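Asker: Following numbering that gives the first Met the number 0, the numbering of the sequence shown begins with 0 at its first residue and continues without gaps.
Beta carbons: idealized from backbone N, C-alpha and C, even for Gly.
Remember, predicted model here, so these are calculated numbers, not experimental data.
Starting off with a structure, shown below.
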Amino acid sequence: MQKNTEPNKQLFSGFSAPDTEQINRALAIIAKIPEDPQYFRPKGVEVAAILMDFNVDLNTILAAILSDPRLAHLHSKPNIKEQFGETVATLVNDVNWLNKLTVYSLEMTDQPSQTETLRRMLLSMTQDVRAVLIKLAYRIQRLKVLPRESYELRRFIAQETLDIYAPIANRMGIHQLKWELEDMAFRYLKPQSYRRIAKSLTDNRVQRENCINNFIALLQKKLAEEAISAQIHGRPKHIYSIWKKMRRKQLDIDELYDLLAVRVIVDNLTACYATLGIVHSLWQTIPKEFDDYIANPKENGYQSLHTVIIDPDGNRIEVQIRTKQMHDFAELGVAAHWSYKEGGKHDSAIEKNIASLRKLLEETSPENSRKEGNDETLSESFRSELFNDRVYVLTPVGKLIDLVKGSTPLDFAYTIHTEIGHRCRGAKINGRIVPLTYTLKSGEQVKILTAKDGGPNHNWIDPNLGYLKTSAAISKVKSWFKNQQQAQNIATGKTILDKESQRLGLKMLNLTELAKHFHQPDTDRLLEAIGRSDINSRQLAAFFKVPELEATAPIQRKKPEAKSVISVAGIDNVLTSFAHCCSPVQGNDIIGYISHKKGITIHRKDCENILHLDPEKQAQLISVSWGGKKVNYAVPIVIDAFNSHNLLTDVTQILAQAKIHISNAALDTHPDFSARLNLTIQIENTDQLSQVLNKINQLPNIVDVKRKT
């Protein structure tokens, strides 16, 4: 039986008739949820009622009502998009996601970077920022019923509120929610401190009110005499902020200056300083507590005059004086108010987004909610500009990692640890294996699959292949290869030096003296220079003062016997020829095919003709390997470009610099000025081919360059 919705309908006044009709339809859906004795009314209705204090728009109210988590348990679930539109459906999906999020852990309390990353992730992953506002209201509602939960759960929810949700409310400039979240959470975390401060405030409430009223009456009178128009009101202090200040300043509650606080809002800058002069002429001041944030604004742009006076009864009162524009700037969060309160770094992009959010909340009140397209445009602006260059992912143990947008699992691996990056061989995203070039998305859990040993692949630093996005990871891979080359050169240098010392009949070498002579900082750099041929045998002989060697040419070594290009089953000088179908190059994995007319034809192992060879002909395959003789191989390549202008000239210049001969060239141009260049070039090995293709690919207007298969 459907419940009576009339009491709930009375909560939502101020909307137009068409809007009220939509709210009533949402309430009718919620009424189908079985009654919960813990709640006076459904959760979604409670949350929507909280948001009414912020003059939010119709879509926010509808989404708050329809994101009640118990709707998921209805046998017949409503089609929210069909009944209420795409905006409401998107908001409901976002709020449901936020309500189910379980990333936070108590360990984050001692890890400020983790809590900050989680806050940013929550904001960046939300399609519509109003969903965050609804989530904050859901947290208020959750805190109200927290006494019914276990001690452990109360502390967990309260700490999460202080670490994550109150700072988000502050960051968004919604101070009323921030203060309420902080005070309610503090009540569960520090019940004794909360009660002590609350009692002190209650005991002295009448005295404080009289003190403030007397101050305001006198100041109002004096300002009127000087023809200064002003709004003056007391500024309430919240229990959690009082407790934080007591701890920070190591003071008791009675010693705090700003428990009694007044804010004066005037028309212009001149009136600010005139009001300050009147205040200082009427009351005794505490000079060290004066701050001129108008002449010297805070880093986030905050402006106001702060002073503390002592009234005739000895009460200390903090007075803030500012213009209406300064007041709006500070109170509405336009100047990244969170930076001031949380001690964070000033960020102009966040300032702009907070301004958009505040404008969204103000301009979409019930009376303005019919301004078509306004709220969607502002909300999209907020989302598109907020942290749009970051992606937030989780490790298998729930640690949050902040990466550049476009990062891959390899970037993630190198962020975790350099060695994990080097040994990375695969990755799982949310339990599913993905390529290492996969682009990570916020909220995904990443698990890296590693080998026991090994290092990175040269392809990882090729910008055209998309393995790495972050410069730090690319630098680590390049450093690894550089170190490997250094180690190889050092080993080669040691071998050369050993052979030279044996040839010269030297039993003992002073490497330190040798390094000093050749201006090397240490012996490793000496051996590296020898291995790199920067120091040759003639120079070594000169150092060892072997006269008969000083004037001679570099040491002549015995020439090895000539070897064949191809070795067949370990035997050189066998008649072979290269297959034109796959054009193998030294460095390719190869196999031989015994033909009746051409001897043994050499194919690449991945050649299509070999892979699809008839079973009866597979017996004619034979193992072959590359011999020691250097030779050039004809390799066809194809180059596609946006523009044919200077294409052939630029490519031939690169090949000439690399001393690579072109045996055939054909340039095809198209009406749209694009072109395809087919070349056959003479290559020694696959390394040389890879290097020259990479250089060609760096030319302007190149679309693609590859070996033709």
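1. Quick one: Cα of His-279 to Cα of Asp-251, how far?
2. State the beta-bridge partners of Gln-283 as determined by DSSP.
3. In three-state DSSP terms, what is Pro-710?
4. Going by DSSP, which residues form a beta bridge with Trp-625?
5. Distance check for Pro-395 and Ile-473, CA to CA, integer angstroms please.
6. So for Thr-125, helix, strand or coil by DSSP?
7. When you measure from the CB of Leu-200 to every non-hydrogen atom of the ligand ADP, does any distance come out below 8 Å?
8. Assuming Val-94 and Ala-130 form a contact by the criterion Cβ under 8 Å, report the distance between their Cβ atoms to the nearest whole angstrom.
9. Is the stretch 596 to 614 touching the stretch 649 to 662, taking contact as three or more C-beta pairs under 8 Å?
10. Out of Arg-321, Gly-313, Ile-277, Trp-282, point me to the one whose CA is closest to Asp-291's CA.
11. Give, in chain order, every unbroken run of the beta strand (DSSP E) that is at least 3 residues long and sits entirely within the stretch 23 to 82.
12. Tell me the residue span of the beta strand (DSSP E) that contains Asn-677.
13. Put Glu-317 into one of helix, strand or coil per three-state DSSP.
14. Could you spell out the range, first to last residue, of the alpha helix (DSSP H) harbouring Gly-405?
15. Taking C-alpha atoms, which residue in Asn-700, Arg-706, Arg-675 lies nearest to Ser-689?
16. Which one of Leu-467, Arg-262, Lys-236, Asp-667 has the shortest CA to CA distance from His-644?
17. Quick check on His-669: buried or exposed, where buried means 16 or more other Cβ atoms within 10 Å of its Cβ?
18. Run the CB neighbour count on Phe-381, radius 10 Å, all protein chains shown included, and call it buried at 16 or more, exposed below.
19. Should Leu-90 and Thr-59 be called a contact, given that it needs their Cβ atoms to be closer than 9 Å?
20. So Ile-32 packs on Arg-69, CB below 8 Å; how close in whole Å?
21. At which residues does the alpha helix (DSSP H) containing Ser-240 begin and terminate?
22. Whole angstroms are fine: how far does the CA of Gly-598 sit from the CA of Leu-620?
23. Return helix, strand or coil for Ala-270, following the three-state DSSP convention.
24. How big is the Cα-Cα spacing for Ser-355 and Arg-170?
25. Nearest-angstrom Cα distance between Asp-310 and Thr-269?
26. If we count the other Cβ atoms within 10 Å of its Cβ and call it buried at 16 or more, is Leu-218 buried or exposed?
27. Determine the burial state of Glu-481: buried for a count of at least 16 other Cβ atoms within 10 Å of its Cβ, exposed for fewer.
28. Please classify Lys-302 as buried or exposed, where buried requires at least 16 other C-beta atoms within 10 Å of its C-beta.
29. I want to know whether the stretch 395 to 404 touches the stretch 450 to 462 - three or more CB-CB distances under 8 Å.
30. To the nearest angstrom, how far is it from the Cα of Ser-594 to the Cα of Cys-580?
31. Taking the beta carbon of Ser-12 as the centre, do at least 16 other beta carbons fall within 10 Å, making it buried, or is it exposed?
32. Find the nearest neighbour of Ile-695 within the set Asp-452, Leu-654, Asn-677, judged by alpha-carbon distance.
33. Would you identify the three-state DSSP class for Val-265, choosing helix, strand or coil?
34. Quick check on the burial criterion: 16 or more other C-beta atoms within 10 angstroms. Buried or exposed for Lys-344?
35. Between Trp-282, Gly-626, Asp-266, which has its C-alpha nearest Met-325's C-alpha?
36. Going by the CB atoms, is the gap between Gln-697 and Ala-633 shorter than 9 Å?
Answerer: Well, looking at it:
1. 27 Å
2. Ile-309
3. Only positions 0 to 708 of the chain appear in the structure, and residue 710 is not among them; the question remains open.
4. DSSP output for Trp-625 lists Ile-565 as bridge partner(s).
5. Going by the C-alpha atoms only, they are around 24 Å apart.
6. Three-state result, Thr-125: coil.
7. Inclusion of the ligand ADP in the displayed structure is not the case, the ligand content being empty and no account of it being possible.
8. 5 Å
9. no
10. Arg-321
11. If we require 3 residues or more, the stretch 23 to 82 turns out to have no beta strand (DSSP E) run fully inside it.
12. 674 to 682
13. Look at Glu-317 here: in three-state DSSP terms it is strand.
14. Looking at the DSSP string, Gly-405 is not in any alpha helix (DSSP H), and its letter there is neither H nor E.
15. Arg-706
16. Asp-667
17. exposed
18. Only weak support is given to the placement of Phe-381: the predicted model assigns it a pLDDT of 46, under 50, and the question is left unresolved by the model.
19. Against a cut-off of 9 Å, the Cβ pair of Thr-59 and Leu-90 comes out as a contact.
20. 5 Å
21. 238 to 248
22. 12 Å
23. The DSSP-derived three-state label of Ala-270 is helix.
24. Any reading at Ser-355 is ruled out, since the residue's pLDDT is 47, under 50, leaving its predicted position unreliable.
25. 25 Å
26. buried
27. In the sequence as presented, Glu is not what sits at residue 481; that position holds Lys. Exposed is the call here.
28. In the sequence as displayed, the identity of residue 302 is Gln instead of Lys. Burial call: buried.
29. no
30. 15 Å
31. exposed
32. Leu-654
33. strand
34. Bear in mind that a pLDDT of 41 at Lys-344, under 50, signals an unreliable position, so the number given afterwards is only what the model happens to contain. The residue in question, Lys-344, is exposed, as its Cβ has fewer than 16 Cβ neighbours within 10 Å.
35. Taking only the C-alpha atoms, the option nearest Met-325 is Asp-266.
36. no
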